[in-house]
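Residue numbers (this note's numbering), protein chains in the order written: chain A, 7 to 180; chain B, 420 to 903. Glycine included, C-beta positions come from ideal geometry on N, C-alpha and C.
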Amino acid sequence: MTKRFALGIFEDEDVLLHAVENVREAGVKIYEVFTPFPIHGIDDAMGIERSRLPIAAFFFGLTGLCFALWLQIYTLGFDWPMIIGGKPHIALPAFIPVSFELTVLFCCHGMVITFYTISKLYPRWKTPVLDVRSTDDKFVMAIEVNENTDMTKLSQLLRDNGASEVNQKEMSKF
Amino acid sequence: MQHVSPVREPLVTGGKTYHDVTQDVCRQVEAAPNIRWMGALSVALLLLGVFFYSVYRTLWYGIGEWGLNKTVGWAWDITNFVWWVGIGHAGTLISAVLLLFRQKWRTSINRAAEAMTIFAVICAAMFPVLHMGRPWLAYWVFPLQNTFGSLWVNFNSPLLWDVFAISTYFSVSLVFWYTGLVPDFATIRDRAKGPIAKVAYSLLSFGWKGSAKHWSRYETVSLILAGVSTPLVLSVHTIVSMDFATSVVPGWHTTIFPPYFVAGAIFSGFAMVLTLMLITRVVFKLEDYITIEHIALMNKIMMITGSIVGVAYITEFFIAWYSQVEFEQYAFINRATGPYWWAYWSMMTCNVITPQLVWFRRVRYSIPLTFILSIIVNIGMWFERFVIIVTSLHRDYLPSSWAMFSPTIIDIGIYVGTIGLFFTLFLLFAKFFPVINMAEVKSVLKYTVDNGPTYTGHDPHHSPQPATTHGVPVTASVNYDKHD
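Next comes the structure, spelled out in structure tokens:
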């Protein structure tokens with residue numbers, strides 16, 4: 007499916023931020039905004055919901071903690087109990103370091119794997135981008151258009167909101 | 420309307436635009452390797468050769484190739500292990516702790532410092548693994564049931580805690596570092612000309628496009644990784660110190676060890692960051708990003724942690740006297756006046772006196788002096804671990820088993836070799852990866868530029884601002900005296 011995009015190129019993040027607000031106000035649906043660095047406040051402007059990754063991270067951490075406690079209590083307390091230094095089989099204070107480390111391990115890797123998976127980020131041979139400058143110094147607002155879109159009006163709207171260029175691009179796979 | 424903030428000093432000097440940042444950082448990635456880099460890499464590879472030879476000798480003939488004896492069972496290997504792990508700590512401190520404290524100056528140095536962490540931990544891991552004697556059985560440290568019976572690993576042992584701490588630390592640091600690299604790989608990918616570079620950086624960049632949604636998640640992930648890495652980095656050296664503190668060897672069995680080791684780790688780590696940054700900024704012409712202000716700030720952290728370490732040395736001595744334990748007292752008298760007095764006084768000079776020089780503004784802002792200080796601190800911190808390990812062991816409870824330790828050429832070879840390994844990895848990183856986090860530096864470029872009232876939501880009557888230049892005007896004078 008080939009998609010057509012109108013691209014508003016902005017030079018400055020503050021200009022873009024206002025433009026995002028105004029364009030949405032004007033009833034135009036923004037497909038996506040591509041920026042070279044994170045812009046504070048764009049989540050609200052774009053209406054992006056707060057990520058639930060912290061909740062995921064918490065439960066991954068909890069899983070790690072439970073696994074660590076189970077592992078240590080099961081192996082040293084039940085599977086093959088041994089007396090080590092005259093301590094009890096289940097010497098909980100001695101289990102704190104490993105429990106902590108495994109909590110962190112599960113939390114970080116679980117969260118990062120989730121992040122890459124839900125964001126569909128994985129190694130690819132070729133990465134098509136709408137405008138190569140969007141990873142350098144330009145802020146690109148992409149709006150999906152079709153034959154019925156009034157391009158002059160849209161272009162004017164973007165320019166009125168500070169876009170320095172308005173381009174069109176077709177992407178076969180995006 | 421832009422004007423330069425009267426109170427905040429610029430984090431990046433030279434009036435850079437976003438595009439300048441990309442250009443300056445990508446320059447050495449895209450250029451052909453220069454002669455200085457090739458020269459440095461040849462030296463590093465030579466030392467790496469020494470490493471492989473020493474490892475070959477160790478594996479073929481066994482650890483009898485080392486200078487260890489029955490009394491001193493830990494010496495250079497564990498000294499080097501603790502030294503390297505400690506060096507690694509500064510990277511995580513810069514990227515995680517300073518992120519939580521919103522210290523924006525960290526953006527120019529965090530990438531290289533994190534790389535340093537990863538490479539230092541790789542070097543550190545060599546020592547315990549080689550000390551096993553049969554490194555091909557290294558997987559026995561993981562909780563897998565013994566092949567011949569039903570034994571599990573001993574979760575009460577600090578050495579096992581170390582296995583979990585170091586492997587968690589390594590893998591989490593790697594993931595943190597890589598996630599930060601992804602957007603910058605995307606920048607290089609979109610600029611790449613050659614077919615190999617295009618494919619390589621496309622693979623490395625994981626298809627990153629910089630969409631607002633991804634950035635939003637990226638920021639969440641960074642914040643949580645930082646939040647979790649902060650206790651992690653403290654736990655790692657705490658656990659390393661417990662390798663000693665949970666034993667009953669005089670000079671080791673102290674409760675002060677965890678904070679003392681963590682402070683020492685940050686101290687040596689910052690010294691190493693300074694050494695590397697002072698070279699990197701000159702070689703890659705990044706003086707506008709790693710400014711003299713960064714160097715002064717790192718010097719201050721070095722001074723604080725160095726002072727903590729100094730206080731810890733004195734406290735140890737005081738407690739040895741105050742405890743009235745004869746063995747404990749002897750261990751410390753022996754450190755200062757025994758056969759290893761030179762190691763003890765090298766440590767005291769390098770670690771207690773040197774950082775105090777940083778109180779002088781002239782020292783703090785001097786690049787040659789900082790470079791020399793950073794080297795001295797690294798030497799001092801190596802001696803600290805040597806003093807703690809060897810002087811505590813070589814004269815233990817039974818005078819008949821007292822012994823001296825002297826390293827063999829293989830001991831020295833492995834140590835020098837890991838320095839080669841470290842620099843080989845660092846040089847490869849510096850050539851093919853962006854040494855400065857471009858995305859984060861771009862986000863702080865306007866740090867000193869006041870754009871009028873901050874954006875607080877939608878204002879329908881607001882007319883769009885004309886595009887302006889970014890960063891600080893070249894003409895803006897930078898006054899470093901303001902805070903001193």
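How big is the Cα-Cα spacing for residue i and residue j?
i: residue 542 (chain B); j: residue 12 (chain A); result: 51 angstroms
i: residue 60 (chain A); j: residue 117 (chain A); result: 8 angstroms
i: residue 98 (chain A); j: residue 612 (chain B); result: 58 angstroms
i: residue 728 (chain B); j: residue 745 (chain B); result: 24 angstroms
i: residue 9 (chain A); j: residue 603 (chain B); result: 27 angstroms
i: residue 685 (chain B); j: residue 144 (chain A); result: 38 angstroms
i: residue 747 (chain B); j: residue 817 (chain B); result: 14 angstroms
i: residue 715 (chain B); j: residue 91 (chain A); result: 49 angstroms
i: residue 642 (chain B); j: residue 515 (chain B); result: 8 angstroms
i: residue 16 (chain A); j: residue 164 (chain A); result: 9 angstroms
i: residue 681 (chain B); j: residue 776 (chain B); result: 22 angstroms
i: residue 792 (chain B); j: residue 774 (chain B); result: 8 angstroms
i: residue 120 (chain A); j: residue 638 (chain B); result: 14 angstroms
i: residue 835 (chain B); j: residue 170 (chain A); result: 56 angstroms
i: residue 812 (chain B); j: residue 102 (chain A); result: 28 angstroms
i: residue 864 (chain B); j: residue 39 (chain A); result: 20 angstroms
i: residue 128 (chain A); j: residue 629 (chain B); result: 14 angstroms
i: residue 853 (chain B); j: residue 820 (chain B); result: 54 angstroms
i: residue 62 (chain A); j: residue 56 (chain A); result: 13 angstroms
i: residue 719 (chain B); j: residue 544 (chain B); result: 30 angstroms
i: residue 50 (chain A); j: residue 699 (chain B); result: 39 angstroms
i: residue 881 (chain B); j: residue 133 (chain A); result: Caution applies to residue 881 (chain B), whose pLDDT of 47 falls short of 50 and renders its modelled position unreliable; the value that the coordinates give is listed next. Each residue's alpha carbon lies about 37 angstroms from the other.
i: residue 590 (chain B); j: residue 576 (chain B); result: 22 angstroms
i: residue 790 (chain B); j: residue 44 (chain A); result: 34 angstroms
i: residue 848 (chain B); j: residue 622 (chain B); result: 17 angstroms
i: residue 33 (chain A); j: residue 162 (chain A); result: 14 angstroms
i: residue 148 (chain A); j: residue 54 (chain A); result: 15 angstroms
Under a Cβ-count criterion, where at least 16 other Cβ atoms within 10 Å of its own Cβ denotes burial, should residue i be classed as buried or exposed?
i: residue 552 (chain B); result: exposed
i: residue 694 (chain B); result: buried
i: residue 462 (chain B); result: exposed
i: residue 601 (chain B); result: buried
i: residue 494 (chain B); result: buried
i: residue 489 (chain B); result: exposed
i: residue 861 (chain B); result: buried
i: residue 706 (chain B); result: exposed
i: residue 651 (chain B); result: buried
i: residue 503 (chain B); result: buried
i: residue 953 (chain B); result: There is no way to answer for residue 953 (chain B), as the model of chain B reaches only from 420 to 903.
i: residue 93 (chain A); result: exposed
In the DSSP assignment, what are the bridge partners of residue i?
i: residue 630 (chain B); result: A:40
i: residue 172 (chain A); result: A:14
i: residue 9 (chain A); result: A:177
i: residue 681 (chain B); result: None, per the DSSP bridge assignment.
i: residue 151 (chain A); result: A:10
i: residue 835 (chain B); result: Paired residues: none, contrary to the question.
i: residue 146 (chain A); result: A:15 and A:40
In chain order, what residues of the same chain have a beta carbon less than 6 angstroms from the beta carbon of residue i, not counting five sequence neighbours either side?
i: residue 510 (chain B); result: 532, 533, 535 and 536
i: residue 507 (chain B); result: 536, 539 and 540
i: residue 176 (chain A); result: 8 and 10
i: residue 69 (chain A); result: 112
i: residue 802 (chain B); result: 762, 765 and 766
i: residue 617 (chain B); result: 611
Can you list, in chain order, the residues of its chain with a C-beta nearer than 7 angstroms to that of residue i? Leave out the 5 residues immediately preceding and following it.
i: residue 501 (chain B); result: 659 and 804
i: residue 476 (chain B); result: 484 and 829
i: residue 808 (chain B); result: 493, 494, 497 and 498
Using a Cβ-Cβ cutoff of less than 8 angstroms, which residues in the same chain neighbour residue i once the five nearest sequence positions on both sides are dropped?
i: residue 749 (chain B); result: 669 and 814
i: residue 778 (chain B); result: 722
i: residue 653 (chain B); result: 681
i: residue 151 (chain A); result: 10, 11, 12, 157, 160 and 174
i: residue 606 (chain B); result: 441, 445, 853, 857 and 858
i: residue 786 (chain B); result: 697, 711 and 714
Using a beta-carbon distance cut-off of less than 7 angstroms, what residues from the stretch 436-465 of chain B approach chain A? Those residues of the stretch 436-465 of chain B that come within reach of chain A (Cβ to Cβ, closer than 7 angstroms) are 436, 437, 438 and 441.
Proximal residues, the stretch 651-668 of chain B versus chain A, C-beta separation under 7 angstroms: If the cut-off is 7 angstroms between Cβ atoms, the stretch 651-668 of chain B has 651, 654 and 658 near chain A.
Closer than 7 angstroms, Cβ to Cβ, to anything on chain B: give me those residues from the stretch 36-54 of chain A, in chain order. Cβ proximity to chain B below 7 angstroms picks out 38, 39, 40, 41, 42, 43, 44, 47, 48, 49, 52 and 54 from the stretch 36-54 of chain A.
To be precise: take each residue of the stretch 625-643 of chain B, compare its Cβ to all Cβ atoms of chain A, and keep it if any distance is under 8 angstroms. Which residues remain? Residues of the stretch 625-643 of chain B with a Cβ closer than 8 angstroms to any Cβ of chain A, in chain order: 625, 626, 627, 628, 629, 630, 631, 632, 633, 634, 635, 636, 637, 638, 639, 640 and 643.
At a Cβ cut of 7 angstroms, what residues of the stretch 125-153 of chain A count as close to chain B, listed as they run along the chain? So the list reads 125, 127, 128, 129, 130, 131, 132, 133, 135, 138, 140, 141, 142 and 143, given in the order they occur along the chain.
Of all the residues that make up the stretch 600-619 of chain B, which are near chain A by a beta-carbon distance shorter than 9 angstroms? Considering only beta carbons, the part of the stretch 600-619 of chain B lying closer than 9 angstroms to chain A consists of 601, 602, 603, 605, 606, 607, 608, 609, 610, 617 and 618, in chain order.
Closer than 8 angstroms, Cβ to any Cβ of chain B: which residues of the stretch 99-115 of chain A, in chain order? Among the residues of the stretch 99-115 of chain A, those with a Cβ less than 8 angstroms away from any Cβ of chain B are 100, 101, 103, 104, 106, 107, 108, 110, 111, 113, 114 and 115, in the order of the chain.
Closer than 7 angstroms, Cβ to any Cβ of chain B: which residues of the stretch 53-67 of chain A, in chain order? With the criterion set as a beta carbon lying under 7 angstroms from some beta carbon of chain B, the members of the stretch 53-67 of chain A are 54, 57, 59, 60 and 63, in sequence order.
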